[in-house]
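Quick note on my numbering: the sequence shown kicks off at 203 and runs consecutively.
Built from N, CA and C at the ideal position, the CB exists for glycine as well.
Since the structure comes first, as structure tokens, the remarks are kept for the end.
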Amino acid sequence: MNSTVVRNVSECFIKPFGPAQDSNRICNLTPWDIAMLSMHYIQKGLLFKKPATLVHRQDFIENLLEKLKHSLSLTLFHFYPLAGHLVTNKDPSSYTIFVDCNNSDGARFIYATSDLTIFDILSPVYVPVVVHSFFDHHKAVNHDGHTMPLLSVKVTELLDGVFIGCSMNHAIGDGTSYWNFFNTWSEIFHAQAQGHEYRVPISRHPIHNRWFPDGCDPLINLPFKHQDEFISRFEAPELQERIFHFSAESIAKLKARANSESKTTKISSFQSLSAHVWRCITRARRLPRDETTSCRLAVNNRARMEPPLPYEYFGNCINVVSAGTTVGELLENDLGWAAWKVRMAVANQKDGAVRDAVKEWLQRPVVYQLGVHFDSCSVTMSSSPRFDMYGNEFGMGKAVAVLSGYANKFEGNVTSYPGSEGGGSIDLEVSLSPDAMTLLESDEEFMEAVSVANFLH
Numbered sequence: 203m204n205s206t207v208v209r210n211v212s213e214c215f216i217k218p219f220g221p222a223q224d225s226n227r228i229c230n231l232t233p234w235d236i237a238m239l240s241m242h243y244i245q246k247g248l249l250f251k252k253p254a255t256l257v258h259r260q261d262f263i264e265n266l267l268e269k270l271k272h273s274l275s276l277t278l279f280h281f282y283p284l285a286g287h288l289v290t291n292k293d294p295s296s297y298t299i300f301v302d303c304n305n306s307d308g309a310r311f312i313y314a315t316s317d318l319t320i321f322d323i324l325s326p327v328y329v330p331v332v333v334h335s336f337f338d339h340h341k342a343v344n345h346d347g348h349t350m351p352l353l354s355v356k357v358t359e360l361l362d363g364v365f366i367g368c369s370m371n372h373a374i375g376d377g378t379s380y381w382n383f384f385n386t387w388s389e390i391f392h393a394q395a396q397g398h399e400y401r402v403p404i405s406r407h408p409i410h411n412r413w414f415p416d417g418c419d420p421l422i423n424l425p426f427k428h429q430d431e432f433i434s435r436f437e438a439p440e441l442q443e444r445i446f447h448f449s450a451e452s453i454a455k456l457k458a459r460a461n462s463e464s465k466t467t468k469i470s471s472f473q474s475l476s477a478h479v480w481r482c483i484t485r486a487r488r489l490p491r492d493e494t495t496s497c498r499l500a501v502n503n504r505a506r507m508e509p510p511l512p513y514e515y516f517g518n519c520i521n522v523v524s525a526g527t528t529v530g531e532l533l534e535n536d537l538g539w540a541a542w543k544v545r546m547a548v549a550n551q552k553d554g555a556v557r558d559a560v561k562e563w564l565q566r567p568v569v570y571q572l573g574v575h576f577d578s579c580s581v582t583m584s585s586s587p588r589f590d591m592y593g594n595e596f597g598m599g600k601a602v603a604v605l606s607g608y609a610n611k612f613e614g615n616v617t618s619y620p621g622s623e624g625g626g627s628i629d630l631e632v633s634l635s636p637d638a639m640t641l642l643e644s645d646e647e648f649m650e651a652v653s654v655a656n657f658l659h
């Protein structure tokens with residue numbers, strides 16, 4: 203299977219429904235946003251089964267596409283920065299980047315077809331490379347939002363299914379923002395199906411008043427003269443991507459073991475699972491004992507700040523926290539020891555630490571580089587099983603799988619999703635070199651905690 207089996211059929215641009223508002227014309231970028239400019243777009247999507255009673259395929263897909271486009275336009279009214287584009291203003295004394303929310307073509311909408319089936323996508327042990335073709339903006343970095351849409355939706359029709367994949371500029375928002383957008387789009391689509399064409403109430407209104415520390419000019423002057431000083435193009439090495447399923451029962455056992463070994467009750471389920479994955483991947487890599495290794499987690503700062511930022515805050519509000527040690531120490535100690543280090547790294551991310559990090563960034567701005575800030579001796583836990591992914595329905599029932607694109611994949615990246623059956627189960631998409639993946643799959647401690655997920659039910 204390769205990208206040639208996905209054929210783009212049509213393309214158009216979707217603008218926010220209704221007249222533009224002058225007050226919404228400019229969206230300034232925070233330190234959290236600017237730091238993402240050299241990272242890839244967020245690429246996540248949902249795979250749905252076509253209705254079993256489908257009679258007229260052409261009528262079904264045409265009707266679906268029109269409803270998706272109309273509901274997307276209504277959704278963009280609320281999430282208007284996604285319809286804009288990045289702008290850089292520079293002169294000898296300043297270099298600033300912001301979002302022009304009005305003077306743009308809008309969000310891209312692509313319809314594609316493929317002769318593949320759901321079985322072709324979900325039955326292989328490793329995620330097929332063709333899944334990367336279910337997304338637009340392949341290998342694009344967020345700075346490309348100067349000339350590329352900040353949001354691109356690609357709807358790929360399979361023989362027996364439909365994949366809806368979104369590529370959202372990560373300098374505009376984080377995972378919380380992404381799934382708030384996706385959830386709202388689904389909510390509006392559902393209301394539209396109930397006969398509400400234009401006035402659709404939504405549950406979570408995005409808040410576009412971006413957070414800046416006191417005394418910070420919202421238009422941040424960057425210490426650069428040219429984009430080449432802070433933008434790089436990362437090419438991932440050969441990786442295998444596999445989704446491992448962990449049942450709620452298996453995770454509960456890991457949590458109980460971690461807390462028992464650490465003589466505490468404070469280690470969470472996800473911290474226990476993260477520590478388990480960190481130890482097993484490190485063992486599979488067969489690294490020197492004196493090598494430094496770390497478990498990194500993308501942490502949502504919203505509730506950690508004082509006063510807290512609301513869940514609906516639209517933008518980036520994350521930091522990567524790290525628990526570090528040597529390979530030898532990590533593997534000599536038990537799960538509870540590693541889980542406690544992960545727990546402390548997360549617990550120490552409080553209001554003071556968040557504000558200090560922003561203050562330090564303002565003194566010396568840093569744009570994250572995939573090839574520099576993430577190393578092959580560490581494990582990085584990204585995304586979150588708390589995001590409502592399977593609650594999104596577009597007239598085809600519940601999705602059968604969540605999948606991601608090429609974006610932001612590197613050796614040791616672990617993307618977390620809620621399990622499709624719910625109930626506290628978690629799916630982890632692990633990206634590793636072929637050799638390390640083979641050894642991980644033969645690691646008894648790791649595989650003992652893995653369950654078999656029935657994606658094809």
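Classify residue i as buried or exposed, calling it buried when 16 or more other Cβ atoms lie within 10 Å of its own Cβ.
| i | result |
| --- | --- |
| tyrosine 328 | exposed |
| lysine 561 | exposed |
| serine 644 | exposed |
| lysine 600 | exposed |
| proline 425 | exposed |
| threonine 378 | buried |
| histidine 372 | buried |
| glutamate 359 | buried |
| valine 544 | buried |
| glycine 367 | buried |
| glutamate 650 | exposed |
| glutamate 631 | buried |
| threonine 494 | exposed |
| glutamate 613 | buried |
| asparagine 344 | buried |
| asparagine 550 | exposed |
| threonine 319 | exposed |
| lysine 552 | exposed |
| glycine 347 | buried |
With DSSP run on the structure shown, which of helix, strand or coil describes residue i?
| i | result |
| --- | --- |
| leucine 619 | Checking the sequence, you will find tyrosine at residue 619 rather than leucine. Of the three classes helix, strand and coil, the one that applies to tyrosine 619 here is strand, per DSSP. |
| lysine 252 | coil |
| asparagine 265 | helix |
| histidine 340 | coil |
| histidine 242 | strand |
| glycine 526 | strand |
| phenylalanine 648 | helix |
| leucine 324 | helix |
| leucine 288 | strand |
| serine 316 | strand |
| alanine 309 | strand |
| phenylalanine 300 | strand |
| asparagine 204 | Any reading at asparagine 204 must be qualified, since the residue scores a pLDDT of 49, below 50, and its modelled position is unreliable; the value itself is stated next. Asparagine 204: coil per DSSP, three-state reduction. |
Just to confirm my understanding: we take residue i, look at its own chain, exclude 5 residues before and 5 after, and list those with CB closer than 6 Å. What are they?
| i | result |
| --- | --- |
| leucine 256 | Phe262 |
| lysine 465 | none |
| threonine 277 | Thr386, Trp387 and Ile390 |
| leucine 641 | Ala486 |
| proline 283 | Cys229, Val301, Cys303 and Ile374 |
| serine 633 | Leu441, Glu443, Lys611 and Asn615 |
| serine 354 | Arg310, Asp338, His339 and Ser369 |
| proline 420 | Asn230 and Phe414 |
Quick test of your reading: residue i and residue j, contact by CB under 8 Å. State the CB separation rounded to the nearest angstrom.
| i | j | result |
| --- | --- | --- |
| histidine 447 | aspartate 629 | 5 Å |
| arginine 483 | serine 471 | Looking at the sequence provided, one finds isoleucine at residue 483 rather than arginine. At roughly 19 Å, the Cβ-Cβ gap does not stay under 8 Å, so isoleucine 483 and serine 471 are not in contact. |
| serine 388 | phenylalanine 596 | 6 Å |
| glycine 607 | glutamine 245 | 3 Å |
| lysine 427 | tyrosine 297 | 7 Å |
| valine 332 | valine 207 | 6 Å |
| lysine 356 | valine 602 | Their Cβ separation, rounded to whole angstroms, is 18 Å, which puts lysine 356 and valine 602 out of contact at 8 Å. |
| isoleucine 299 | leucine 231 | 6 Å |
| leucine 499 | valine 548 | 6 Å |
| methionine 591 | serine 618 | Going by Cβ atoms, the distance from methionine 591 to serine 618 rounds to 10 Å, so no, they are not a contact pair. |
| serine 627 | alanine 450 | 5 Å |
| serine 240 | serine 434 | 6 Å |
Looking only at its own chain, which residues have a Cβ that is under 7 Å from the Cβ of residue i, when we skip the five neighbours before and after it?
| i | result |
| --- | --- |
| serine 306 | Ala285, Gly286 and His287 |
| alanine 541 | Ala460, Ser464, Ile469, Gln473, Ser474 and Ala477 |
| arginine 557 | Pro415 |
| aspartate 224 | Reliability fails at aspartate 224, whose pLDDT of 46 lies under 50, so the model's placement of it is uncertain and no value is given. |
| histidine 280 | Thr386, Ile404, His407 and Pro408 |
| tyrosine 313 | Val211, Ser212, Leu267 and Val357 |
| aspartate 362 | Lys251, Lys252, Thr319 and Ile320 |
Please list, in chain order, all residues of the same chain as residue i whose beta carbon is under 8 Å from its beta carbon, the five residues on each side excluded.
| i | result |
| --- | --- |
| glycine 530 | Arg491 and Asp492 |
| aspartate 416 | none |
| lysine 271 | Cys214, Ile216 and Phe311 |
Against chain B, with Cβ distances strictly below 8 Å, would residue i count as a contact?
| i | result |
| --- | --- |
| serine 452 | Among the protein chains of the structure shown there is no chain B, as only one such chain exists. |
**Asked** Could you give the uninterrupted runs of the beta strand (DSSP E) lying entirely in the region 456-505, keeping only those of 3 residues or more?
**Response** As far as the region 456-505 is concerned, its whole beta strand (DSSP E) runs of at least 3 residues are 494-502.
**Message:** Give the list of continuous alpha helix (DSSP H) stretches no shorter than 4 residues that lie fully inside the region 341-401.
**Reply:** Entirely contained in the region 341-401, the alpha helix (DSSP H) runs reaching 4 residues are, in chain order, 377-395.
**Request:** Quick one: which unbroken alpha helix (DSSP H) runs of 4-plus residues sit fully inside the region 420-457? Chain order, please.
**Result:** Runs of the alpha helix (DSSP H) lying entirely within the region 420-457 and spanning at least 4 residues: none are present.
**Prompt:** At which residue ranges does the region 548-634 contain complete alpha helix (DSSP H) runs of 4 or more residues, listed in the order of the chain?
**Reply:** If we require 4 residues or more, the alpha helix (DSSP H) runs fully inside the region 548-634 come out as 553-565 and 572-575.
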